[in-house]
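So the structure is just underneath, and the comments pick up after that.
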Amino acid sequence: MPTLEFVTPIPPIITGTASYFDLLIRNLDTSVRDIVDIRIVTDSKAWQRDGHTSRFPDELHGIKVVDWSEVADDPAADTTRVYFLANNDKHVFAHRLLARQSAEAVGRIICVLHDPSMFMVHEHMLRTGEPEFSLEAVSGVMRSQLGHSASSVVRGYVNGWLPEAIPFGVHCMGNALAKADEIWTHSVYGANRVLYENDFSNARCQAIRVCAHPREKHDHDPAGTSPSKRTGNSFNIGVFGWVTPPKRVASVLKGVTLALDRMNAKERARVKLRIVGKRPPVPDYDVVEMAERLGLRDHVEFVDYPPQDEFERYIRESDLIFNLRYPSCGETSGTLVSAQTHNIRVVASRYQAFREATGIWRFINVAEPYETWDIADAVVDALREPATAVETAVASVAPIETLLARLVRADSQETL
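So the sequence shown is residues 60 to 475, counted in my numbering.
Written as structure tokens, this is what we have:
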């Protein structure tokens, strides 16, 4: 029987990709398991690094789980290997395995890109001394985009000579282009960046596909039953994900402060802001101190990265969610998809891949001070407007689990 390998983080590892993959597996048509032998390749050492006391699992939803050290660098001829690549340290093992794989591997290779730009994780691997990512190797994966200037860019950034904007535009796509048969993205924006900003002259990659995020398989909440009516009189605002400057948490705090100044006492008493996500130790981005300074103590709650079911509950309890990004590596957002599933009004940045999203209640500017003013307007308007069903258009591209099922069935028919 042919093999389908998924190289990805899995729950409870703290990254959105793990939750995304958990949903993908739950949505994958069960008949696929009758056609191929599926296994999940992940990093067992991540459990210890993330401080989890649970044992490394043998399976996930009935599918075998193995450590990445247990698989061959090159998959067998009857194997389809799918790498899920993103721009944080939870995906180091996936980037390392792809780097070890030869360009001549006979199996079919697919790279699913969660971020078109992945310089940050490559610089991290260079600084931590990962054997596959020397200075020359990192320069090499940048050459498809930057040519001979790649090594100068790496040296310049590592030595602090180049602006902080560099990581948001540099792809590091060399291994994916040279070693994958197909690259899949979750936005047309991402696909176009890969296609038009890289040299494909020596690439193995022959196809770029766009697929949608997996979605929860249940209906929207009925129109008129807003979360606030289920949880009391509070008006719940949510911000989800890693608490870093590109997620615009500071702008949300300032915007909510402006909004509260425009409300009467009864309205102000209803407003609750919940910021859910890990807060990395960034000395000059202390949003807790900022909230105190802005006088938001009675309105804001900070929640460290919770278990997935609790994370989803916080989303469901929200009346309004801010899904903002600037600057950005071009990523899309699983949180945005989840909010839409639960019929929650979403405010998103009018920027990059987010502009393709359907069912957004309101887009806002990314430039200050307009961003803060737009956030304040959104809070006041959402509080005062009756909650109704959000019109969410169905994505015009198939979700990733459907694309995978089609691929497996097509292979099965060819074999027959």
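From the three backbone atoms N, C-alpha and C, an ideal C-beta is built for every residue, glycine too.
Just so we're clear, the structure is a prediction, and the values are computed from it rather than from any experiment.
Secondary structure in the segment 255–338: the alpha helix (DSSP H) runs of 4 residues or longer, each lying completely within the stretch, are 286–290, 308–320 and 324–329 in chain order.
Between Val95 and Pro61, the C-beta spacing is below 8 Å. Taken through DSSP and simplified to helix, strand or coil, Tyr344 comes out as coil. Cα atoms of Lys149 and Ala324: separation of roughly 45 Å, rounded to the nearest angstrom. Scanning the segment 138–190 from its first residue to its last, the whole alpha helix (DSSP H) runs of 4-plus residues come out as 151–159 and 178–186. Counting only residues of its own chain and dropping the five nearest sequence neighbours on each side, Ser310 has a CB closer than 8 Å to the CB of Leu383, Glu427, Glu430, Thr431 and Ile434. Taking the CA atoms as reference points, Val330 sits about 49 Å from Thr139. With 16 or more neighbouring CB atoms inside 10 Å of its own CB, Arg404 falls in the buried class. A buried status is given to Val269, since no fewer than 16 other beta-carbon atoms sit within 10 Å of its beta-carbon.
For the 8 Å CB-CB criterion, Trp301 and Lys276 do not form a contact. Here Gly418 is not near Asp174, since their CB atoms are 8 Å or more apart. In this structure, the alpha-carbon of Ala162 lies about 28 Å from that of Leu83. Residue pairing from DSSP places Ser408 in a beta bridge opposite Ile423. Nearest to Thr67 by alpha-carbon distance, out of Thr112, Leu172, Gly110 and Asp93, is Leu172.
Taking Ala266 as the centre and dropping the five residues before and after it, the same chain places the C-beta of Glu241 closer than 6 Å to its C-beta, in chain order. Comparing alpha carbon positions, the residue from Gln107, Ala441 and Leu462 closest to Ala271 is Leu462. Bounds of the beta strand (DSSP E) holding Asp96 are Asp96 to Thr101. Within the DSSP secondary-structure output, Phe192 pairs in no beta bridge. Excluding the 5 residues flanking it on each side, Ala135 has same chain C-beta neighbours closer than 8 Å at Thr62, Val165 and Gly166, in chain order. Nearest to Arg468 by C-alpha distance, out of Leu87, Ile72, Phe192 and Gly75, is Leu87. Between the alpha carbons of Gly75 and Ile69 lies a distance of about 9 Å. The beta carbons of Cys170 and Ala239 sit about 4 Å from each other, so the pair counts as a contact at 8 Å. Annotated as distal: Leu317 and Arg327, with beta-carbon spacing of 8 Å or more. The Cβ atoms of Ala158 and Asn257 lie no closer than 8 Å to each other.
The beta carbon of Glu118 sits closer than 6 Å to the beta carbons of Val124 from its chain, once the five residues preceding and following it are set aside; these are given in chain order.
Note that the C-beta distance between Trp420 and Val406 is below 8 Å. The three-state secondary structure of Phe370, taken from DSSP, is helix.
Taking a C-beta distance under 8 Å as the contact criterion, Pro273 and Glu460 qualify as a contact pair. Here the alpha carbons of Arg202 and Ser397 stand approximately 36 Å from one another. Between Gly314 and Ile380, the gap from beta carbon to beta carbon reaches 8 Å or more. Per DSSP, the unbroken beta strand (DSSP E) holding Thr62 starts and ends at Thr62 to Val66. DSSP places Leu82 in the uninterrupted alpha helix (DSSP H) bounded by Gly75 to Asn86.
Between Asn295 and Glu182, the CB-CB gap reaches or exceeds 8 Å. Under DSSP, the beta-bridge partners assigned to Lys123 are Arg98 and Glu118. Cβ-Cβ distances below 6 Å link Asp126 to Ser103 in the same chain, with the five nearest sequence neighbours on each side left out; the list follows chain order. For Ile434, the enclosing alpha helix (DSSP H) has its first and last residue at Tyr429 to Arg443.
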